[in-house]
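Those protein sequence lines, which keep their order, are chains L and Z.
If you read the first sequence in our numbering, its first letter stands for residue 3, the second for the next number, and so on.
If you read the second sequence in our numbering, its first letter stands for residue 3, the second for the next number, and so on.
2 protein chains.
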Amino acid sequence: MLDMAILGLLEERDLHGYEIRRQLRDHLGLLANVSFGSIYPALTRLEKSGAVVATEGGGPTGSDPGTTGAAPPTGSLSGEFAVLRARRHAGTRSRRGKKVYRITDAGRLLFAELLADGSAADDARSFSLRLAFARHLAPQARLALLERRRALLVQRLVESESARPDLDPYARSVVQHTVDGVARDVSWLDSLIDSERADLADARTEPVG
Amino acid sequence: MLDMAILGLLEERDLHGYEIRRQLRDHLGLLANVSFGSIYPALTRLEKSGAVVATEGGGPTGSDPGTTGAAPPTGSLSGEFAVLRARRHAGTRSRRGKKVYRITDAGRLLFAELLADGSAADDARSFSLRLAFARHLAPQARLALLERRRALLVQRLVESESARPDLDPYARSVVQHTVDGVARDVSWLDSLIDSERADLADARTEPVG
DNA sequence: ACATCGCTATATCGAATCGATATAATGATC
DNA sequence: GATCATTATATCGATTCGATATAGCGATGT
Chain L
3 MLDMAILGLL EERDLHGYEI RRQLRDHLGL LANVSFGSIY PALTRLEKSG AVVATEGGGP
63 TGSDPGTTGA APPTGSLSGE FAVLRARRHA GTRSRRGKKV YRITDAGRLL FAELLADGSA
123 ADDARSFSLR LAFARHLAPQ ARLALLERRR ALLVQRLVES ESARPDLDPY ARSVVQHTVD
183 GVARDVSWLD SLIDSERADL ADARTEPVG
Chain Z
3 MLDMAILGLL EERDLHGYEI RRQLRDHLGL LANVSFGSIY PALTRLEKSG AVVATEGGGP
63 TGSDPGTTGA APPTGSLSGE FAVLRARRHA GTRSRRGKKV YRITDAGRLL FAELLADGSA
123 ADDARSFSLR LAFARHLAPQ ARLALLERRR ALLVQRLVES ESARPDLDPY ARSVVQHTVD
183 GVARDVSWLD SLIDSERADL ADARTEPVG
């Protein structure tokens, strides 16, 4: 799951571990403060599998070869500054072996696979992640993702309706709040599905121009 | 975290692993389908530490000694039947080594500690779990739990307000939905806090009766 | 009668993730 | 120029997950 998240972020621009964590926290709604104990092993994993390459922020050669050349512009300011700083010090020695990671073609392929694999991970985090990267999906795949999720949540609501027993007030409140949240998720999905359908209809009506 | 959940459920009645999972899913709002790969190791852990004892659902002795005597009544029907079934077969041989766990005094103590320890685990799951068991807390501890959580969420909302950058529509929707959810959580907490305060006021106004 | 399917139930394995901690460079504050 | 917060990488042990194996039992069907 983290692998997909990292690859998705790297599709936009080169990043180092610390920045990846920040973007996961800020730019995606996953308040889930992913631990460094997950991120660094994941990066190592991805590097070993050839999905990313680490362009040492101050490699053996003096002035940083083209590897880091194209990506830098835009992004969170602090992130940019960090990169620039690392570059500036590249000749002398970057701060404590800072590693900027870049996605490879193999990585892009892997990302597409992970993103498209609907069979995987029905948990909320995985879904949110996929949806956040939904622009990389074909329109029908997007719709399928949304509808699959909707079906799952509706089923849970139905199941929760039958058989809810004697519960003390606190537990009951928690359950009720959770159920309400799921219902809210469903209507959110409904609006997303509607707009996807509208887009598809548009595409059909005006095929070329 | 699971330890607290298990102990909390066992405070009400003796249970076996499978039932614990079901109650976690149904009776608490934690849709989080906790894996058996978590539950069974947790039970072993708790047993080794002396917080629970396993009353084999068909032990060495013939007709099930007093250990399982007091607890059974009420609860999810299937759970009850399961226990009864296990009992009935106790003489011959219960189905595949079914283990019914019972909490000990040490376990009750541990539960109280885990529940009261406000320093631990600021994630949503831990909070929901604590709240679901809030009847085991003193009124002020309850209030503290709620207010601490509220403060945390409000802080997150504030932080999310500043600096939300260029995001594609899908990611933006995810972020917005998450933020809305947090806001909803806050007003839920507000209502809970209000009713806790009201209870405290009542207790002050009519000290004995 | 019996075959098969689905649910109940325990258990284990490897891998992913967490939470805490160590380390160190840099920038800001005083 | 000492101290502190932030940036940054890394590793450790423990927890949790997801998949899988095993097996008893009830219902359903033929």
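Note that the Cβ used here is the ideal one computed from N, Cα and C, for glycine as well.
Going by DSSP, L:VAL188 is part of the alpha helix (DSSP H) stretching over 171 to 207.
The shortest CA-to-CA distance from Z:ASP196 to any of Z:TYR172, Z:VAL184 and Z:ARG144 is the one to Z:ARG144. DSSP places Z:THR57 within a strand segment (E or B) once states are collapsed to three.
Taken atom to atom, the span from the alpha-carbon of L:GLU14 to that of L:THR180 is near 34 Å. Of Z:ALA136, Z:ASP5, Z:TYR172 and Z:GLY10, the smallest CA-CA separation from Z:LYS50 is found for Z:ASP5. What L:ARG137 touches in chain Z, judged by beta-carbon distance under 7 Å, is ASP170 and TYR172, going in chain order. Against Z:LEU133, the close residues of chain L are TYR172 and VAL176, in the order they occur along the chain (beta-carbon pairs closer than 7 Å). By the neighbour-count criterion, in which a residue is buried when 16 or more other Cβ atoms sit within 10 angstroms of its Cβ, L:GLN25 is buried. Of all C-beta pairs linking the segment 156 to 165 of chain Z to the segment 186 to 201 of chain L, fewer than three are shorter than 8 Å, placing the two stretches out of contact. Ranked by Cα distance from Z:PRO141, the first of Z:LYS100, Z:LEU194 and Z:GLY183 is Z:LEU194.
Taking a Cβ-Cβ threshold of 8 Å, none of the residues of chain Z is close to L:THR207; the smallest such distance is about 21 Å.
Beta-bridge annotation (DSSP): Z:ILE8 is not paired with any residue. For L:VAL188 and L:GLU149, the gap between their C-alpha atoms comes out near 10 Å. With respect to Z:ARG132, Z:LEU117 sits close: the two C-beta atoms are nearer than 9 Å. Spanning the alpha carbons of L:SER37 and Z:ALA56 requires a straight line of approximately 35 Å. For L:LEU145, the nearest beta carbon of chain Z is not closer than 9 Å to its own beta carbon. By the CB criterion at 9 Å, Z:LEU169 and Z:VAL177 fall inside the cutoff. Only those residues of the segment 9 to 32 of chain L whose C-beta falls short of 8 Å from the nearest C-beta of chain Z are listed: ASP28, HIS29, LEU30, GLY31 and LEU32. Just measuring C-alpha positions, the residue of Z:ALA136, Z:ASP107, Z:GLU58 and Z:ILE105 sitting nearest Z:LEU30 is Z:ALA136. Closest option to L:LEU111, judged by alpha-carbon separation, among L:ARG186, L:LEU48, L:LEU147 and L:ASP125: L:LEU48. The alpha carbon of Z:SER40 has as its nearest neighbour, out of Z:GLY52, Z:ALA173, Z:ALA7 and Z:GLU58, the alpha carbon of Z:ALA7.
Interface flag for Z:LEU48 against chain L is unset, since no Cβ pair is found closer than 9 Å. Taking 9 Å as the cut-off, the beta carbon of L:LEU147 is found no closer than this to the beta carbon of L:ASP124. Put simply, the CB of L:LEU194 is near chain Z, with a gap under 9 Å to one of its CB atoms.
Beta-carbon to beta-carbon, Z:LEU12 and Z:ARG104 are separated by about 7 Å, close enough to satisfy the 8 Å threshold.
Taking the beta carbon of Z:SER40 as reference, no residue of chain L falls within 8 Å; the closest one sits roughly 14 Å away.
Exclusion of the five residues before and after L:GLY109 leaves LEU9, LEU12, LEU48, GLY52, ALA53 and VAL54 as the residues of its chain whose Cβ lies within less than 8 Å of its Cβ.
Looking at the DSSP output, Z:LEU17 shares a beta bridge with Z:TYR103.
About 41 Å separates the beta carbon of Z:ASP16 from that of Z:VAL156, a gap too long to meet the 8 Å contact definition. The C-alpha of L:TYR172 is placed about 12 Å away from the C-alpha of Z:PHE129.
Chain-ordered, the chain Z residues with CB closer than 8 Å to the CB of L:GLY183 read GLY183 and ARG186.
Listed along the chain, the chain L residues whose CB falls inside 7 Å of the CB of Z:SER130 are VAL176.
In the structure shown, the three-state DSSP call for Z:HIS29 is coil. In this structure, Z:GLY183 sits near L:ARG186, with a CB-CB distance shorter than 9 Å. Given a length threshold of 3 residues, the segment 129 to 153 of chain Z has no whole run of the beta strand (DSSP E) inside it.
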